[in-house]
Structure formats: C-alpha cells, structure tokens
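All residue numbers for the sequence shown refer to UniProt numbering, where the first residue is 1 and numbers rise by one. By construction, the Cβ of each residue, glycine as well, lies at the ideal position given by its N, Cα and C atoms. Just so you know, these numbers come straight off a predicted model, no measurement behind them.
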Amino acid sequence: TGTGLEGGVNAIEGGVCIDLTQMNKVIEVNEHDFDCTVEAGINWRSLNQYLRDTGLYFPIDPGASASIGGMTATSASGTNAVAFGTMKQNVLNLEVVLPDGRVVNTSGHKCRSRKSSAGYDLTSMFIGSEGTLGTITKICLKLSAVPECVASGVCSFPDDKSAIDSVIETLQSAIPVARVEYLDDVSIKACRAYSRVPLTESPTLFLEFNGSTTEEMKHRSGGKETVMESETRVSTEEMKHRSERVRQIVVSNGGSNFECSSDPEERKQLWKARHELYYALKSLAPTSTAITTDVCVPVSKLTQMIVKTKELLKREGVMGPLCGHVGDGNFHAMLFYDPNNSEESKRVHSVANDICEIALQLCGTCAGEHGIGREKIHLMYKQYDSVAIDVMNSLKLAFDPKNLMNPQKIF
Numbered sequence: 001t002g003t004g005l006e007g008g009v010n011a012i013e014g015g016v017c018i019d020l021t022q023m024n025k026v027i028e029v030n031e032h033d034f035d036c037t038v039e040a041g042i043n044w045r046s047l048n049q050y051l052r053d054t055g056l057y058f059p060i061d062p063g064a065s066a067s068i069g070g071m072t073a074t075s076a077s078g079t080n081a082v083a084f085g086t087m088k089q090n091v092l093n094l095e096v097v098l099p100d101g102r103v104v105n106t107s108g109h110k111c112r113s114r115k116s117s118a119g120y121d122l123t124s125m126f127i128g129s130e131g132t133l134g135t136i137t138k139i140c141l142k143l144s145a146v147p148e149c150v151a152s153g154v155c156s157f158p159d160d161k162s163a164i165d166s167v168i169e170t171l172q173s174a175i176p177v178a179r180v181e182y183l184d185d186v187s188i189k190a191c192r193a194y195s196r197v198p199l200t201e202s203p204t205l206f207l208e209f210n211g212s213t214t215e216e217m218k219h220r221s222g223g224k225e226t227v228m229e230s231e232t233r234v235s236t237e238e239m240k241h242r243s244e245r246v247r248q249i250v251v252s253n254g255g256s257n258f259e260c261s262s263d264p265e266e267r268k269q270l271w272k273a274r275h276e277l278y279y280a281l282k283s284l285a286p287t288s289t290a291i292t293t294d295v296c297v298p299v300s301k302l303t304q305m306i307v308k309t310k311e312l313l314k315r316e317g318v319m320g321p322l323c324g325h326v327g328d329g330n331f332h333a334m335l336f337y338d339p340n341n342s343e344e345s346k347r348v349h350s351v352a353n354d355i356c357e358i359a360l361q362l363c364g365t366c367a368g369e370h371g372i373g374r375e376k377i378h379l380m381y382k383q384y385d386s387v388a389i390d391v392m393n394s395l396k397l398a399f400d401p402k403n404l405m406n407p408q409k410i411f
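Rendered as structure tokens:
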C-alpha cells in the first residue's frame, strides 16, 4: 500500500514495481486453531472486518492501512506490541516467490503448527527483509480471541522519568497490559488544542487492559454452565484489580488524575487524544513537513533516551513532540521543518540521525518497527559489525545473485 516511512517502496533505479493490492483474499480461516492464511495485498483493517463474526482478530495494528505483506516485509508492530509482539511473533508460514521464479513455503508445505524445530528458520529470515530476498505472496497468521471486556486508563505525571518508572514497575509486577502509550507534554498541549480534551499538560500514559466476560466464556464452552463461568467472574473482578494496582503504582511515582473505565463511550473519550494525535501534531505546524523517527531501546534505558532526545531537540532548536509504545521501549519523535528551507531540512535530518545514534549507544536499535528502507542504510553499518553485514550480504547473494529484488535497500 506504500505506507512505509523509510523509502522501502521507492524504485531507486527505476525497474519494475510489483503491485499486489489485487491479491487481497482471505484464503482460509481455522477458527479452532486460531490462524488464517491470506494473500499479501489485504490490509489488516480489511482482514479484521472479514473476521468480525468469528470472535477472532489479528492484533497487530500499525495505525495506517498497511497491507499484511508490507507489515511482514518490514516486521511491523503497533500499539499492542507489549502484549502480542511484532509480526515476527505472529507469522506461522509464508509463501515467497524467489528471484529465479521458484516458490518456497518457509515453514514447509501446509504447515500451520505453533512451533517447529525442523531446519533453518526461513520464515524469520523473510520477515523484515523488505522485499530484498523475494516477493511474499501468502501469509499464515496467528489470530487472537476478541476481548469482550476492555478497560482503558489515562494518567499524567510531573516528568518523563515518573511516567517511564511507572511503566517499568507495572511490567515488573506482571500486570497484564494490552497497551501502554506515552505522550510527552508537547503532544498533550497539541491534543488539548485540537481535540479539546481536559488533560493536564504534562507527560501522560494511556493504558488498556483486556479480559473476558461470563457470556463470552459460556459461548466458547458451548453455553454450558461450567466452572469456566465462575472463573470469568473472577476475570471481571481481576480487571478492576489490575487497574487499581496500576493506580497505586502511578500514585507512588508521583502520577495523578488516574481515570479508568470499561464503558465503550468513556473509553473512547479517554483515548481520544491518542487516537487523534497525528492530526493534533500536524496542526502545530500545518505548512511544515515532518519526518518521524523510530527507535527502540531496553525499557530500562527509555528515560535516558527521552531525556537525551529532548536535550538534543532543545539544543538544535527543532520542534519534535514525542510519543511511543513504551511498553517495549519503542518511541517516535515527529520532527517539523520548512520544506523550502534547505538549511532547516538539513538540520532536522541530522537530528533524526543523532536520535538513532543515541539509541544505539543505549543498547537499542535504529529501527523499531518501520524498517530500514533507503533512509537508514548508513545506520546499519553502525548497529552491526562488519561480520554481521558480511553474513547478510552472503544471504542476499545466495537468494538474489543478480540483485534484482529491491536494490539499494537495507545495506
């Protein structure tokens, strides 16, 4: 669908672009096995619309209407990666057309098993390969049960450290959280103006907890009055208990204004700022162009990452609101500049590079979920040593000796 942010779909040398948007069918859904097989051109929203009557869904949500093939090629993730991981954890098998025209099933013909120790892990090799090794045409995906009970929470903090400390403590307490989103004070200021939300202008966390209701479990057990029903009542109470435990953690770290609700309309209002964030940030500088950074560090290093990034932005005079999926250490800075000002453009792109360098210094990666594409090739040589790059080049040469597939990408 061309929604990639790092130039991975750009035809640098001209060449032939393969349009897979018409390969958008759901081939099969295996409800009892919680998996499905789809063609590469279907987008994740359309897939979930197709699945709506099954009680299942595909949980990876990168935000844009990305295709499943593109998400696989970039190893994408989204707001609920803290609970469901990235595409690497949610793909069971791939059909890939190799540069010489041969077709390979990466986990074996018809294999849909949840685990396998048979041979090399070809599936993982193609996930994140960005079209440089072959063309992904079919994907077998893990599915999850649609949660019937969802609670959403919002809380504000006096500073970034307090917010991140609360996230770390929540994760260390083994509290099951489906989403943990962070917006800095600049982002909240934009949301207050654009979305008219009554949030404190300070670092803010948006959380989500998932559970099941009695009716859902009775349905899954054939509607029988079994022990599962009483377990579900506990689950509903557990939802309240989770939110209360998080509230205590928030307060102990200096946070305040903790609100939580399982009512659909109230949940929508609580998350309104996060859902409308992109448009709110664009309204800060409507005539400007923006680039979005994408780094990921260990959660324990996230406070340092944010502090150093803000120091850099202040020093360089660049406006860059921060937000992120902080449950797994991934965050983004949206850097604005005047497209008609070459000096400003150069400075902002330099800042974007420096943010990646900081992430590498803090044991992180220069690309959390957007891929390398064209924009971050030089950073590959800083994240990996020469031996790792040589191994990747050898793999590329083995699969694509004529360099036909998406040349001048990744390295």
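Exercise for the section: Answer yes or no: do Leu302 and Ile188 have a C-beta to C-beta separation smaller than 7 angstroms? Expected result: Their beta carbons are not under 7 angstroms apart, which means Leu302 does not touch Ile188 by this criterion.
Cα-Cα separation, His109 to His370:
Between His109 and His370, the C-alpha separation is close to 30 angstroms.
Quiz prompt | Nearest candidate by alpha-carbon position, reference Tyr182, set Ser173, Arg196, Phe206, Lys161 | solution = Comparing Cα positions, the closest option is Phe206.
Whole-angstrom distance between Val186 and Ile68, CA atom to CA atom
The straight-line gap separating the alpha-carbon atoms of Ile68 and Val186 is approximately 33 angstroms.
task: Along the beta strand (DSSP E) that carries His332, what are the first and last residues, could you check?
output: Per DSSP, His332 belongs to the beta strand (DSSP E) from 330-337.
Check: Would Glu215 be called buried (16 or more neighbouring beta carbons within 10 Å of its own) or exposed?
Finding: Low confidence applies to Glu215: its pLDDT is 45, below 50, so where it sits in the model is not reliable, and the reading given next is rough at best. Classification of Glu215: exposed, given that the 10 Å Cβ count is below 16.
Report yes if the CB atom of Asn253 is closer than 7 angstroms to the CB atom of Ser195, and no otherwise. In this structure, Ser195 does not lie closer than 7 angstroms to Asn253 by Cβ.
Spatial distance of Pro203 from Pro321 (CA atoms): CA-to-CA, the gap between Pro203 and Pro321 works out to about 11 angstroms.
* Asked: Can you name the start and end residues of the alpha helix (DSSP H) that Val351 belongs to?
  -> Annotation: the continuous alpha helix (DSSP H) that includes Val351 extends over 342-361.
Do Asn43 and Ser65 have their C-beta atoms closer together than 7 angstroms?
Yes; because the gap between Cβ atoms is below 7 angstroms, this pair is in contact.
*Any chance the stretch 292-300 sits against the stretch 360-369, with 3 or more Cβ pairs inside 8 angstroms?*
Yes: the two stretches touch, three or more of their Cβ pairs being nearer than 8 angstroms.
Contact belief for Val91 with Val97 at Cβ below 8 angstroms, rounded distance in angstroms: That pair is no contact at about 17 angstroms.
(request) Pull up the distance between the alpha-carbon of Thr37 and that of Val16, whole angstroms please. (result) The straight-line gap from Cα to Cα measures roughly 27 angstroms.
**OP:** Would you tell me roughly how many angstroms separate the C-alpha atoms of Met125 and Ile377, rounded to the nearest one?
**Re:** Met125 and Ile377: Cα-Cα distance of roughly 18 angstroms.
* Residues bridged to Thr204 [DSSP beta-bridge criterion] -> Paired residue(s): Ser156, Leu183.
Review point. With distances taken from CA atoms, which of Gly131, Asp390, Asn93 is nearest Ala11?
Key: Out of Gly131, Asp390, Asn93, Gly131 has the C-alpha closest to the C-alpha of Ala11.
_If you measure between the beta carbons of Val197 and Lys282, is that distance less than 7 angstroms?_
In this structure, Val197 lies away from Lys282, with their beta-carbon atoms at least 7 angstroms apart.
- Item | Local Cβ density within 10 Å of Asp61, reported as buried at 16 or more and exposed below that | It is buried - the Cβ of Asp61 has at least 16 other Cβ atoms within 10 Å.
**Asked** What are the complete beta strand (DSSP E) segments, minimum 3 residues, inside the stretch 118-149?
**Response** Taking only runs of at least 3 residues, the beta strand (DSSP E) segments lying wholly in the stretch 118-149 are 135-142.
Per the DSSP calculation, Ile291 is bridged to which residue(s)? Looking at the DSSP assignment, Ile291 forms a beta bridge with Leu335.
_So for Glu28, helix, strand or coil by DSSP?_
For Glu28, the three-state secondary structure derived from DSSP is strand.
Q.
For Arg247 and Glu169, I'd like the C-alpha separation in whole angstroms.
A. Whole-angstrom Cα-Cα distance: 12 angstroms.
* **Chain-order list of residues whose beta-carbon lies under 7 angstroms from that of Leu47 (same chain, five-residue window excluded)** => Non-local C-beta neighbours of Leu47 in its own chain, meaning closer than 7 angstroms and more than five positions away in sequence, comprise Val26, Val38, Phe58, Ile68, ordered along the chain.
Margin query: Give me the residue from His332, Pro99, Arg374 with the minimum Cα distance to Ile136.
Written below: Nearest option by C-alpha distance: Pro99.
Point to revise | Terminal residues of the beta strand (DSSP E) in which Asn257 lies | key: Unbroken beta strand (DSSP E) run through Asn257: 256-261.
Report the three-state DSSP secondary structure of Glu231 (helix, strand or coil). Because Glu231 carries a pLDDT of 40, less than 50, the predicted location of this residue cannot be relied on, and no value is offered for it.
Exercise. Which partner residues does His325 have in the DSSP bridge list?
Worked result: For His325, DSSP records a beta bridge to Asn330.
Own chain partners of Leu122 with C-beta closer than 6 angstroms, once the 5 adjacent residues on each side are dropped: Same-chain partners within the cutoff: Thr106.
According to DSSP, is Cys366 helix, strand or coil?
Taken through DSSP and simplified to helix, strand or coil, Cys366 comes out as coil.
For this session: State the DSSP-derived secondary structure class of Ser75, mapped to helix, strand or coil.
Result: DSSP places Ser75 in coil when its eight states are reduced to three.
- In terms of residues, what are the limits of the alpha helix (DSSP H) holding residue 413? The chain is shown only over 1 to 411; residue 413 falls outside these bounds and no answer can be derived.
* Pick from Val251, Val154, Met87 that is closest to Thr72, judged by C-alpha positions -> Checking every option, the nearest Cα to that of Thr72 belongs to Met87.
_Cut-off 6 angstroms between Cβ atoms - residues of its own chain near Leu404, not counting five sequence neighbours on either side_ = The answer, listed in chain order, is Pro99.
query: Distance, Cα to Cα, Asp19 vs Asn93?
result: Between Asp19 and Asn93, the C-alpha separation is close to 21 angstroms.
Quiz item: Does DSSP classify Leu94 as helix, strand or coil?
Solution: Taken through DSSP and simplified to helix, strand or coil, Leu94 comes out as strand.
task = Name the one or two DSSP bridge partners that Thr37 has.
result = The bridge partners DSSP lists for Thr37 are Glu28, Cys140.
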